[in-house]
Structure formats: structure tokens, C-alpha cells
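Everything below concerns the one structure shown next.
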Amino acid sequence: MELSDLFITPVYLAIIYLIAYGVRSFVTNIYTKKYFIPALTVKIIGAIALGILYHTLYGGDTNNYYRHAGIVYHAFGDSFAAGWELVTTSGDATPAIRKYTDQLTWFGHGSNEYFVVRVAAVFALLSFNTYTVIAVLFATITFSGMWVMYVTFVKLRPQAYKELAIAVFFLPSVFFWGSGLLKDSLCLGALGWLFYAFYRGAIERKNMLRCLLLGAGAVGVIFAMKIYILLAFMPPALLWVFNENSGKIRNTAVRWLSKPLFLGVGLTVALYTFTQLAAADDRFNVDKIGAQSKLTSDYLQEVSRKEQGSGYNIGVQDGTFGAMVKLAPQAIVVSLFRPFLWEARNPTMALSAMEAAYFLWLTLSILWRVGLIKTLRAISTVPVLTLCFVFSLIFAISVGISSGNFGTLVRYKIPLMPFYLSGLYILQSVVVSSTKFKVKSLPFANSGTLGTAKA
């Protein structure tokens, strides 16, 4: 960050807020309007705060992304053609860009970090290479995906629109780690758009071509950086689509038999994708994934010992896929409900511990009031709950096993946090309305489009 940030950033913030106020009436209604600007604001605050923290204390990823983007930005200054080639190249270093690629550590085939550099470089070109503006633009595009995620959740359960705003926008870890110049921000925003495209196109069956393009774009963004998010999301998402449309199948036996079949199709698609990746990249080889997870976990635990003792151990990993399966229950617990309050070693861990404690308290309170059987029945019969909890559990297993460090885990797990907490709030709303009293649907419960849903 430089002195120029203080002068240039306010101009861009003014432009962003003018645009936000201009579009707000098209994407909100009387119930959700009050959350639009505050939700955007916390994303921007999170992006700026993360930049300050990294520039003053941590160093690391966001600084490296900015440095790499700066190299591409200066390439534009030397030759627009060279800069454009650096942004659009498939990974081949031609003579025209060789002097720049020699400075880019993340340049090359298979580098998921370089996708972030491409985006950051475009934003650098639009903002005179001002770090804070680049970070704010990352926050803004991420917010767009988070808003349509909220729209979708509210249309599915409008009675819980207040609680869903908390789940999607106001979890501190999500708006802090998921807003700035990082891979996590772009992946989180793209996941929101993918969720919206599934619902709007495959379930409501409206604007199907637009949703297909949006979904394909979101898949491309996530695929370029964190393929495991797609592998965790696609099977339950396909099952969700089936469940939402299964009412059209009149035969009950066929309907229930089709559910595992449809989930199997989703798993087959995910497995096929994974095997294709394995053929091209040893990092995704099924026979080596356990060993790779062990190496990652051991490394992060070693880092934690050198820093502030933020490592955790959920069991012995011998580098096999079978051992990963055995550790799944512990991985779920550590991802959803840890660090415990007494495990916090620094302010960021304390914040994560408070969120985890709230997740644990809300989960146990629902189970206590409703009972395990009724809770499982609600999850299995309400399609969006099936999606939320199946995705959350799959994702929790993958990041809980591979992290080994609470500091890293809090970043890795943010895609599951809005889904898990939204699932809890929707579950709470469903079981309360079914066991105690009936809640009347809000006026926009059956609205159709993003503009008319205004949620």
C-alpha cells in the first residue's frame, strides 16, 4: 500500500457506491433492500482490512498477487500487445513476453495462482495499479455472487430472510478472508453464481441460456483455481435439481429409487472429471491423493509449530486413501466446530473459534429441540437442506484432513460456511413452523426473476 491509495481509492469507492445505489432497486425488495448496501460495505471493509493485515504483519499471498499483477501492468505500459498476451496466454512463454515471464514465479501450465494474477492485472490496468482499488474490485465482484446466493436462498425459504442475510454476508471469517486479493474471494463469488444458475436455470427453468452461460463461466473460474470445490458441489447440486423436480414423478417407488441413481450420476461425473485431471496432473491421481494430503497436512503443522501453535492433529495419516476415509468424522468436527474457544492462540483464531462455537451451539440446540429423527427427516425431504448439508459435509472432510492448521483451515472452509449456516437457519425455520405453528409465506415467496424476486 502506498500514499496514492489514500487519494485514488475514495474516487473508486464513490463510483462503486453510485452504481450500487443505482442497481439496488432492480435486485431487492422491501424486505431485502436494507441488506444490500451494508453487505457490500462489509465486503469492502474486509478487503481493505485484509490488505492492511497482510501488508503490516503477515506478508504472503495477497502481496505476491499484487507484485505479479504489477509486472503484467508494467508490461501493458511497455506494449499493450505484450500485456494482453500475458493476460490471455495459455501458459506458453513466447519471445515477446519472455522477459516478463522470467519474473513471474506463478506463470506456466498448471498454476492456479496465475488465474488470480490475470484478474488482478486487468483491475490494475483500470486503477493505475493501486492495491486498495484492486482489492475493493475483488470484493465487489465477489459480492455480486454472494448477493445472488442470498437471492436464491431467500426464494427457497423467504421466512428466514433475516437469518439468511447473516449466514451469507455477515460471518466475519467469510467477509474477511473471502473479500480481498485472494483465490478464495473469486471462488466464493463464482460459487454463488453457480448456485444461482442451477436454481434459476435447472429448477425454475427460466432464462436457461443465460443461466447456462453464467454456470459455465462460474465453473471455469472455480476450475481454474480450486477444482475440489466443484468436486464437492456438483454431486449434491445435481441431486438437489432432481429432488426439486421429483414431484413430477407420480410413482413413489420410482421417485425414491431415482434419488440414489441421480446422486450416483453426480458422483460419476465428479469421478470422471477427477480421473481426467489425474491423467494430466499427478497431483489429482487417486492413488496419490492420500499421500499428497499427508504432505500438505505435515507441512502446515510444521508451519504452525514455527509460528503460533495453530496446528491440530485428527489422527495418523499414512498417506493412503483409506486412512482419509477413517479420518472423515474427525475432519467434519474440526472443520465445522473447531477451533474450540480454549484453542485460540491469536485474535484471528479467536474470531474463528467464536464462529465455530456458534455453529456447534445452533446445531446442538436444533437437535435438542427437534430430535435426531425429525431433523434427518427434514434434511432428506427438503431439497435445499440436502444440498446444504451434503455439500458441507463433503467439503468439511476434504479441507479438515488436508489442512492440519487452523490458520489455513479458516480460509479453506469459507465456501461451506454460508451453506452450512443457511442450512441450519432453514432447518430451524422448517421444523419450528411444522411443529409449533404455521408461518405465513412472505409476499415475495413465489417471485420469479432476480429483479422481481427482489430478495
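The numbering used here runs 7 ahead of the 1-based position in the sequence shown. Glycine is no exception: its CB is placed at the ideal position from the N, C-alpha and C atoms.
Thinking residue i and residue j are a contact (beta carbons under 8 Å), I'd like their distance in whole angstroms, please.
i           : j           : result
residue 128 : residue 94  : 6 Å
residue 243 : residue 393 : 7 Å
residue 167 : residue 42  : That belief does not hold up - the Cβ atoms of residue 167 and residue 42 are roughly 13 Å apart, past 8 Å.
residue 72  : residue 124 : 6 Å
residue 177 : residue 49  : 6 Å
residue 334 : residue 236 : Not confirmed; about 20 Å, so no contact.
residue 114 : residue 47  : The Cβ separation is near 33 Å, so there is no contact.
residue 239 : residue 426 : At roughly 10 Å, the Cβ-Cβ gap does not stay under 8 Å, so residue 239 and residue 426 are not in contact.
Check each candidate in the options and name the one with the smallest Cα separation from residue i.
i           : options            : result
residue 2   : 439, 433, 18       : What the structure shows of the chain is the stretch from 8 to 462, and residue 2 is not part of that stretch, so it cannot be assessed.
residue 351 : 100, 38, 413       : 413
residue 194 : 208, 152, 25       : 152
residue 318 : 415, 13, 208, 123  : 415
residue 16  : 63, 60, 140        : 140
residue 183 : 29, 356, 395, 26   : 356
residue 366 : 234, 428, 216      : 428
residue 388 : 99, 246, 219       : 246
residue 33  : 83, 147, 158       : 158
residue 84  : 136, 251, 196, 252 : 136
residue 44  : 146, 11, 56, 114   : 146
residue 138 : 12, 426, 347       : 12
residue 347 : 150, 363, 353      : 363
residue 165 : 38, 18, 98, 226    : 38
residue 386 : 378, 377, 396      : 396
residue 417 : 105, 196, 360      : 360
residue 226 : 210, 201, 212      : 201
residue 23  : 341, 252, 88, 51   : 51
residue 253 : 119, 210, 382, 219 : 210
residue 74  : 376, 110, 105      : 110
Do residue i and residue j have their C-beta atoms closer together than 8 Å?
i           : j           : result
residue 143 : residue 203 : no
residue 67  : residue 186 : no
residue 103 : residue 92  : yes
residue 339 : residue 400 : yes
residue 69  : residue 189 : yes
residue 222 : residue 208 : yes
residue 358 : residue 134 : no
residue 502 : residue 232 : With the chain represented from 8 up to 462, any question about residue 502 goes unanswered, as that position is not in the structure.
residue 148 : residue 107 : no
residue 390 : residue 250 : yes
residue 398 : residue 369 : no
residue 380 : residue 431 : no
residue 437 : residue 419 : no
residue 191 : residue 421 : yes
residue 131 : residue 80  : yes
residue 234 : residue 197 : no
From the DSSP output, read off the bridge partner residues of residue i.
i           : result
residue 318 : 412
Are any of the Cβ atoms in chain B nearer than 8 Å to that of residue i?
i           : result
residue 128 : Absent from the structure is chain B; it holds one protein chain and no more.
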